[in-house]
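A.B. asks: Mind having a look at this structure? Questions to follow.
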Amino acid sequence: MKKIKVLFHVNESDKWQRALVNITNFLNDVGQGGADIEVVANGEAVSVFRTRCLLTGVGGECCGTASGSLVDQMKNLSEMGVSFVACRNALKAQSIDEENLPNFVTVVPAGITEIARKQTEGYAYIKP
Numbered sequence: 338m339k340k341i342k343v344l345f346h347v348n349e350s351d352k353w354q355r356a357l358v359n360i361t362n363f364l365n366d367v368g369q370g371g372a373d374i375e376v377v378a379n380g381e382a383v384s385v386f387r388t389r390c391l392l393t394g395v396g397g398e399c400c401g402t403a404s405g406s407l408v409d410q411m412k413n414l415s416e417m418g419v420s421f422v423a424c425r426n427a428l429k430a431q432s433i434d435e436e437n438l439p440n441f442v443t444v445v446p447a448g449i450t451e452i453a454r455k456q457t458e459g460y461a462y463i464k465p
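Residue numbering for the sequence shown follows my numbering, beginning at 338 and increasing consecutively.
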């Protein structure tokens, strides 16, 4: 069976939790390995990556903010094969250093171009 190709687009911070639940539900339905899933973050949604403490933790623990748990959920999904992509333009606009991103996040020059490129490759577009 051919893998389903899906692109999730998150450009608002308050949409992260819904997006991650949607992705989890999708994977539960099609099975791990049943889809190629990419999540493109642009706009103010990249602010979830703002504080290094949220990403790496201090002494193995998060700072206790909601963003930390979101990043943990993203990391778990990345270990299941989900790709996370951040827009360089948005990172610059939010004053976020690329060096502080979690290692599972890939940076692209422009999120909107990545979205268009994936659609030409046959990815279904979902915006939670």
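Just so it is clear, CB atoms sit at the ideal spot from N, CA and C, and this is done for glycine as well.
Keep in mind the model is a prediction, meaning the values are calculated, not measured.
How many angstroms separate the CA atom of Ile449 from the CA atom of Arg387?
C.D. replies: As a first step, residue 449 must be located in the sequence shown, where it is residue number 112. As a first step, residue 387 must be located in the sequence shown, where it is residue number 50. Cα to Cα, Ile449 sits roughly 20 Å from Arg387.
A.B. asks: Quick check on the DSSP output: the alpha helix (DSSP H) that includes Asp366 runs from which residue to which?
C.D. replies: As a first step, residue 366 is located in the sequence shown; it is residue number 29 there, counting from the start. Segment 353-367, the alpha helix (DSSP H) holding Asp366.
A.B. asks: Going by the CB atoms, is the gap between Asn379 and Ala427 shorter than 8 Å?
C.D. replies: Your numbering for residue 427 matches position 90 in the sequence shown. Your numbering for residue 379 matches position 42 in the sequence shown. Cβ atoms of Ala427 and Asn379: closer than 8 Å.
A.B. asks: Mind checking Met411: buried by the 16 CB within 10 Å criterion, or exposed?
C.D. replies: Here residue 411 corresponds to residue number 74 of the sequence shown, with the count starting at 1. It is buried - the Cβ of Met411 has at least 16 other Cβ atoms within 10 Å.
A.B. asks: Comparing the CB of Glu458 with every heavy atom of the ligand NAD, is any distance shorter than 7 Å?
C.D. replies: Absence of the ligand NAD is noted for the structure shown, with no ligands found whatsoever.
A.B. asks: Please list the terminal residues of the continuous alpha helix (DSSP H) segment that includes Gln453.
C.D. replies: In the sequence shown, counting from the first residue as 1, residue 453 sits at position 116. It should be pointed out that residue 453 corresponds to Ala in this sequence rather than to Gln. Run containing Ala453: 448-457, per the alpha helix (DSSP H) assignment.
A.B. asks: Can you name the residues that DSSP bridges to Ala372?
C.D. replies: Mapped onto the sequence shown, residue 372 falls at position 35. In DSSP, Ala372 forms a bridge with Ile341.
A.B. asks: Consult DSSP for Phe441 and reduce its assignment to one of helix, strand or coil.
C.D. replies: Here residue 441 refers to the residue found at position 104 when the sequence shown is read from its first residue. Three-state DSSP puts Phe441 in coil, outside helix and strand.
A.B. asks: Does the structure place the region 348-361 close enough to the region 432-443 that three or more beta carbon pairs sit under 8 Å?
C.D. replies: The answer is no - the region 348-361 does not touch the region 432-443, with fewer than three Cβ pairs under 8 Å.
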